[in-house]
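Notes follow the structure.
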Amino acid sequence: MKGFVVFVALIFWTFEVMAVDNSHSNRLVKEKSPYLLQHAHNPVNWYPWGEEAFEKARKEDKPIFLSIGYSTCHWCHVMEEESFENPETAKSLNENFVSIKVDREERPDIDSVYMSYVMAATGSGGWPMSVFLTPDKKPFYGGTYFPPEDRWGVPGFKSLLHSIAESWRSEKSRILDSADSAVKFLSEKAPGAQAAGSVLNEQTLKEAFDRCQAGFDETYGGFGKAPKFPRSHTLSMLLRYWLRSGDGAALRMTEDTLKAMASGGIYDQLGGGFHRYSTDGRWRIPHFEKMLYDQALLVTAYLEAYQATGNTEYARVARETLDYVLTRMTSPEGGFYSAEDADSFEPNDPTKKREGAFYVWEKKEIADLLGGSQAEIFCYYFGVEEAGNALADPHGEFTRQNVLYLAHSAEETVAHFKTSVDQVKKILADGKARLLSARAKRPAPHLDDKVLTDWNGLMLTALARAAVVLGDDRYRAAAEKAAVFLDRTMRGKDGRLLHRYRGKDAGILANLNDYAFLIQGLLHLYETSFDPVWLQRSVSLADAMIDLFWDEARGGFYLTAKDAEVLISRPKEVYDGALPSGNSAAALALSYLGRYTGQDRYGIAAQRTMDAFAEMVAADPTNYPVMLMALDLALGPSREVVVAAQRRDENAESFLKEVQRPFFPNQVVLLRLAGREKDLDGTASFVSDKVPLSGKAAVYVCRDHTCRLPVTELEALKKLLKETVQK
0 MKGFVVFVAL IFWTFEVMAV DNSHSNRLVK EKSPYLLQHA HNPVNWYPWG EEAFEKARKE
60 DKPIFLSIGY STCHWCHVME EESFENPETA KSLNENFVSI KVDREERPDI DSVYMSYVMA
120 ATGSGGWPMS VFLTPDKKPF YGGTYFPPED RWGVPGFKSL LHSIAESWRS EKSRILDSAD
180 SAVKFLSEKA PGAQAAGSVL NEQTLKEAFD RCQAGFDETY GGFGKAPKFP RSHTLSMLLR
240 YWLRSGDGAA LRMTEDTLKA MASGGIYDQL GGGFHRYSTD GRWRIPHFEK MLYDQALLVT
300 AYLEAYQATG NTEYARVARE TLDYVLTRMT SPEGGFYSAE DADSFEPNDP TKKREGAFYV
360 WEKKEIADLL GGSQAEIFCY YFGVEEAGNA LADPHGEFTR QNVLYLAHSA EETVAHFKTS
420 VDQVKKILAD GKARLLSARA KRPAPHLDDK VLTDWNGLML TALARAAVVL GDDRYRAAAE
480 KAAVFLDRTM RGKDGRLLHR YRGKDAGILA NLNDYAFLIQ GLLHLYETSF DPVWLQRSVS
540 LADAMIDLFW DEARGGFYLT AKDAEVLISR PKEVYDGALP SGNSAAALAL SYLGRYTGQD
600 RYGIAAQRTM DAFAEMVAAD PTNYPVMLMA LDLALGPSRE VVVAAQRRDE NAESFLKEVQ
660 RPFFPNQVVL LRLAGREKDL DGTASFVSDK VPLSGKAAVY VCRDHTCRLP VTELEALKKL
720 LKETVQK
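Residues in the sequence shown are numbered consecutively from 0, following numbering that gives the first Met the number 0.
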């Protein structure tokens, strides 16, 4: 990799400041992305990604400066304020480069390609991502955030621009050779077609568990040190391993982490919902942005833990988080918005933004709102201190500022103040309501109101699961409304799935994640409403996904469709980071779909996907928890359950509840109703002979579509379900 990274000499230079008209607009003003619109009035002559920018770079023989970020990214805001709003820096960019802005959430394909380069060149990645390209889009230098001046051992952006501009003029041939080497490297590193003999098996799951245990924080929960991320799909994977192995340590790690997060500042104790990550190891002080995908994935993990343990606290957190999403992050049409910013304006200074300003409290504010003794009880419970409760504050950002977290239990609070449990609960409930009302009057964080198909697919799963697990019909209604919106709106004129919607405009061809996440969400919605249309839609999406994204030569799926824009390499992702990878999600969704439909081609595609990445997954399985969930399903035990009934009456409902109540994720449930047989039989032909018995609802419990004798009594069903859990 070092062979294609150009050594850029950092030479300090100065030039006259260019006066800039505050009314300046650039080409981003016509875009839909909130992130691009945030930069539409920078003095930088930004271009959106497109041929106009590339043609200008070729014609004027200038390198491209590519800046990739998203609208709720704190350090993106910092770099904008320090560099892109600076007239001097803008002049350098405008004179020597063609500058392009990309919203990574709109174009994950572009982000993936150039993040691979930055990771390989520097060993780390993040946003804002800053990459310098040749006019034909080949990278030759890159990094993430650059401060305006040299600091922290990082080159200052001003001097970096000067050095690269000079290098382009004096060493262009070297830069072009380096860029060619970079593209060759990226093309050769695409995963897939692993060495023969690499097999994923039950030992792979054991190895993942062992590594999770080795990295587990026994004191505060979670994995690794600060900053500490939720890693929700790792928790879901551990729950499956616990169910498979009976090893209580897997359940304990999951519960300790879920409890610690729910008690910490990473969870919004007033309004519900989770912030992006914790800056410390105790889950105390978060990075305050709220992402839709975190809400969806964490709700799913909490629901699964509730099913597994019966602990109602997990159900409470899931409800509060979903209610936050339905209140704050849901569009009138039914789709779900992408994120809320970490930064917001100071309550007492509408000209100044600060991270977390919307969420933090001074102790005096709470005292003024609640009054003497009530405030003391509230502050004791939530860890509020006069000087502020940040564990470390090197930049003085949290002086006298407090993030609410559960510092003491209700029992400890009762003992400390020598009062009653009922009194403490009343004070806490009243205090939360008053603070929430006061907070609502503050300037709210920026809301990124674009709707993304893939993230909405994740939220469909969370809502549909909640409707079943919590028995709350509001969540089913919200999931169905969202699914209808996506089905009607996120399609092109040719019926092709699209990726982004905002301002009445749907656009950008869908990527692998859009298909894989949406298929999974619709399958869960089917098991909530049992409307066959969602199963049918899942099948059509799966067929399209295989046609558009499948790599026949190496196995697995590309991120981009076969007819998508040609980039310098065609990305193929498998690492399960903040989001599951498209390949992992596709393997899991196809494994389920094979069981729903009885059609082997879906299971074969899922198995070939796992085989393609087997060597990589086996080498470090903790990086691929969703792929391991697909493996767990493939290894079994798994089952298909068909309820055949004259109508969805009380008897049929009791059977469905019994089947869906326990935590057993490796099953699919189908409902075949009299009069609607054709709606289901065309999709899941193996159910065509499943009928009620003597007019009574009957349940068929099957493994690999081979079914036991049907039962018509609840006790007989309970016995049969226990038997079919065994390996």
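For glycine and all other residues, C-beta sits at the position ideal for the given N, C-alpha and C.
- Rounded to the nearest whole angstrom, the C-alpha separation of Phe-344 and Ser-98 is 29 Å.
- In the assembly as shown, Gly-602 is a buried residue. Its beta-carbon has 16 or more other beta-carbons within 10 Å.
- Annotated as proximal: Thr-71 and Glu-339, with beta-carbon spacing under 9 Å.
- The DSSP-derived three-state label of Tyr-276 is strand.
- If you look at Lys-721, you'll find it isn't in any beta strand (DSSP E); it sits in the alpha helix (DSSP H) that goes 713-724.
- Counting along the chain, the unbroken alpha helix (DSSP H) around Arg-210 starts and ends at 201-214.
- Contact annotation: Thr-233 and Pro-624 have beta-carbon atoms nearer than 9 Å.
- For Tyr-595 against Leu-534, the beta-carbon gap comes to about 6 Å, under 8 Å, which counts as contact.
- Exposed is the label assigned to Arg-150, since fewer than 16 other Cβ atoms lie within 10 Å of its Cβ.
- Burial state of Ala-120 is buried, judged by a 10 Å Cβ sphere holding 16 or more other Cβ atoms.
- In this structure the region 424-436 does not touch the region 487-498; the number of beta carbon pairs closer than 8 Å is below three.
- The alpha-carbon of Lys-61 is positioned some 12 Å away from that of Lys-136.
- By the Cβ criterion, the region 237-244 is not in contact with the region 641-649, since fewer than three pairs of Cβ atoms, one from each stretch, lie closer than 8 Å.
- Measuring C-alpha to C-alpha distances from Ser-637 to each of Arg-251, Thr-460, Val-700, Lys-718 identifies Val-700 as the nearest.
- When DSSP reads this structure, Ser-343 sits in a beta bridge with Arg-353.
- Between the alpha carbons of Ala-481 and Tyr-301 lies a gap of roughly 22 Å.
- The beta carbons of Leu-669 and Val-640 sit closer together than 9 Å.
- The C-alpha of His-445 is placed about 15 Å away from the C-alpha of Arg-275.
- The alpha-carbon of Glu-312 is positioned some 41 Å away from that of Pro-190.
- The residue among Leu-540, Arg-553, Ala-477, Ala-618 with its C-alpha nearest the C-alpha of Ser-330 is Ala-477.
- The Cβ atoms of Gly-597 and Ser-539 do not sit closer than 9 Å to each other.
- Inside the region 440-474, DSSP marks whole alpha helix (DSSP H) runs of 4 or more residues at positions 452-468, from first to last along the chain.
- With fewer than 16 other Cβ atoms from the protein chains shown falling within 10 Å of its own Cβ, Ala-618 counts as exposed.
- Secondary structure note for Phe-416: its alpha helix (DSSP H) is the uninterrupted segment 409-416.
- For the pair Pro-691 and Gly-674, the Cα-to-Cα distance works out to about 12 Å.
- Rounded to the nearest angstrom, the gap between the Cα atoms of Asn-25 and Glu-411 is 58 Å.
- By the 16-neighbour rule on beta-carbons within 10 angstroms, Val-43 is buried.
- The C-beta separation of Ala-560 from Leu-508 comes to about 6 Å, placing the pair in contact by the 8 Å criterion.
- Using a Cβ distance threshold of 9 Å, Leu-297 and Pro-229 count as a contacting pair.
- Trp-549 has Phe-556 as its beta-bridge partners, per DSSP.
- Short of 7 Å from the beta carbon of Gly-214, and not among the five residues preceding or following it, lie these beta carbons of its own chain, in chain order: Phe-222, Gly-223.
- The beta carbon of Tyr-574 sits closer than 8 Å to those of Ser-580, Asn-622, Tyr-623, all from its chain and outside the five residues before and after it, given in chain order.
- Taking C-alpha positions only, Ser-408 is separated from Pro-531 by approximately 47 Å.
- DSSP places Thr-329 in the strand class (E or B) of the three-state scheme.
- Spatial neighbours of Asp-486 in its own chain (CB-CB distance under 8 Å, excluding positions within 5 residues in sequence) are listed in chain order as Arg-536.
- Residue state for Met-128 is assigned as strand, using DSSP reduced to three classes.
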